[in-house]
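Here is the structure we will look at.
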Amino acid sequence: MQPKPSVMDLPVYVPGKSASEVKKELGLAHIVKLASNENPFGTSPRVKEALLAEMENTSLYPDGASQALKTALAEHLQVDPEQLLFGAGSDEVLLMAARAFLLPGDEVVMADRTFPQYKHNSDIEGAICIEVPLKDGVHDLEAMLEQVTARTKIVWICNPNNPTGTIVSDQALRTFLNALPSTVLVALDEAYCEYCVSEDFSNGIALLKEYPNLLLLRTFSKIYGLASLRIGYGIGNTPLIHVMNQVREPFNTTRFAQTAAIAAIEDQAFVEKCRAINRQELNRLCTQFTAWQLSYYPAHGNFVMVDVKRDAKQVFEALLRKGYIVRGGHALGFPTSLRITVGTPEQNDGLITALREVLDAIPERG
Ligand SMILES: *Cc1c(COP(=O)(O)O)cnc(C)c1O
């Protein structure tokens, strides 16, 4: 047996520890997970109701075309239903983009550091990844443009960027898109767009009218709180979505995911509430960091990357022993930072207390 060369040395994804694993290992009664940007308020109560009703149909295949969900989402977003494509999380949508567009030796351009799945899926297809350093935690679109050649097939842009939480301004994005050859696909990952309140943040759907080479990646995993069900989507112009559908597995999203997503869309009051509380709590965390003279990147999603001026692994482990799971920057290329998901007000209170104790116990790095 001989796997393809691009796959031979690829690492297998190692997920962070789950709350129940940590509980067991450390003998803790209570664990707060602020590591994966999940919604601390769960999901709309309507979702549970819809899922229970859907149990009746467990033995039936889902609608491969996701027609009901497509109609509901198109109405909500004010796009044509044929501009939508669903995947098992937006992870699968970006996999489909890589699968449909990349041949071995093609080039793709992305930021260094950004969401790892762009590189992972591009690597599998044998593409060459050109990684362009962030500038102050922000995508450096000018430098990325300079890396575009006749071999470039996809530019990946994460907005807001995971792990830094920063956004590119609408102006910078438009300048980039205007200068880019329209033969290059731009995959614009907007997993956290519903949390964004900045006036500088682009309206991705408006951009689609001007740029036929644009694909938006979105998800029900974050503000909608459906991470466990694996459902995300792409929005693009019809010819692009048609190509993506050509590589899509026939039943790639489940009945439960589709049903839950429809119920979640119908409860925009829940989304509004999550957005408002997130903004308030994010401000509160940042005010606290400033008071402690810790710097952080301007945060536009439901997480913040803060420089704790200490060895990230040490701080991460000390917080873990107090029952708080965050994402240590040592695993993300930021050796003295933490990426912290915004929790509920009570969770954030606890995090602030625990972090203060940990910072007092660990000396600053010289
Ligand atoms: C969480 C996340 C996703 C996708 O998640 P799915 O659960 O696969 O929809 C995509 N991009 C970024 C930047 C994310 O943080």
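Under our numbering, the letters of the sequence shown match residues 1 to 366, in that order. Positions of the beta carbon are idealized from the N, C-alpha and C atoms, including for glycine.
Anticipated Cβ contact below 8 Å, F256 with L229, distance rounded: 6 Å
Buried/exposed call for A269, threshold 16 Cβ in 10 Å: exposed
Length of the line joining the Cα atoms of Y195 and D360: 32 Å
Cβ-Cβ distance between P104 and G89 below 9 Å: no
Opening and closing residue of the beta strand (DSSP E) in which E131 lies: Taken as a continuous stretch (DSSP letters only), the beta strand (DSSP E) holding E131 covers 128-133.
DSSP three-state assignment for F303, whether helix, strand or coil: strand
Where the beta strand (DSSP E) containing P349 begins and where it ends: It should be pointed out that residue 349 corresponds to Asp in this sequence rather than to Pro. That residue, D349, is in no beta strand (DSSP E); its alpha helix (DSSP H) goes 345-361.
Contact test: Y324 Cβ vs ligand 1 heavy atom, cutoff 8 Å: Not so, every heavy atom of ligand 1 lies at least 8 Å from the Cβ.
Residue range of the alpha helix (DSSP H) that includes D91: Segment 90-101, the alpha helix (DSSP H) holding D91.
Unbroken alpha helix (DSSP H) run spanning E266, endpoints: 255-266
C-alpha distance - E82 paired with S6, whole-angstrom precision: If I take the Cα positions, the gap works out to 33 Å.
Any non-hydrogen atom of ligand 1 within 8 Å of C158 CB: yes
C-beta atoms of L208 and E190 nearer than 9 Å: no
C158 (DSSP reduced to helix, strand or coil): strand
CA nearest to the CA of L134, picked from N121, K153, P163: P163
Close Cβ partners of N237 (< 7 Å) along its chain, the five nearest in sequence each way excluded: Q83, L208, P212
Between the CA atoms of F115 and S169 - distance to the nearest angstrom: 19 Å
Cutoff 6 Å; reference E38; Cβ partners in own chain excluding five residues on either side: A227
Nearest-angstrom beta carbon gap, I154 and A187 [assumed within contact, 8 Å]: 6 Å
Enclosing beta strand (DSSP E) for M55 [first to last residue]: Here M55 belongs to no beta strand (DSSP E), and DSSP marks it neither H nor E.
D91 CB to nearest heavy atom of ligand 2 below 8 Å: Within the structure as shown, ligand 2 is missing, the only ligands being ligand 1.
Cβ shell of S337 (< 7 Å), same chain only, five flanking positions each side left out: M305, V306, D307, V308, A312, G329
Option in I241, T219, K119 with minimal Cα separation from D80: The residue from I241, T219, K119 with its alpha-carbon nearest to that of D80 is I241.
E281 burial status per 10 Å Cβ neighbour count (16 or more: buried): buried
Extent of the continuous alpha helix (DSSP H) run through Y118: 117-124
Own chain, CB closer than 8 Å to T318, minus 5 neighbours either side, in chain order: Just to set this straight, residue 318 is Ala in the shown sequence, not Thr. If the five residues before and after A318 are omitted, its C-beta is found closer than 8 Å to the C-beta atoms of V358, A361, I362, all from its own chain and listed in chain order.
Which listed residue (D123, G204, I124, E199) has its alpha carbon closest to that of I157: G204
Endpoints, the beta strand (DSSP E) within which A312 is located: That residue, A312, is in no beta strand (DSSP E); its alpha helix (DSSP H) goes 312-321.
Cα-Cα separation, G16 to S36: When rounded, the distance between both Cα atoms is 9 Å.
Bridge partners - A19, DSSP secondary structure assignment: A19 pairs with nothing; no bridge assigned.
Exposure label - S295; buried when at least 16 CB within 10 Å: Counting Cβ neighbours within 10 Å, S295 comes out exposed, since fewer than 16 surround it.
Neighbour-count burial assignment, A179, 16 or more Cβ in a 10 Å radius: exposed
Segments assigned beta strand (DSSP E), at least 3 residues, entirely inside the stretch 179-227: Runs of the beta strand (DSSP E) inside the stretch 179-227: 185-189, 214-219.
Selected residue, minimal CA-CA separation from F86, among K322, R339, G234: G234
Status (buried if at least 16 other CB within 10 Å, exposed otherwise) for A299: buried
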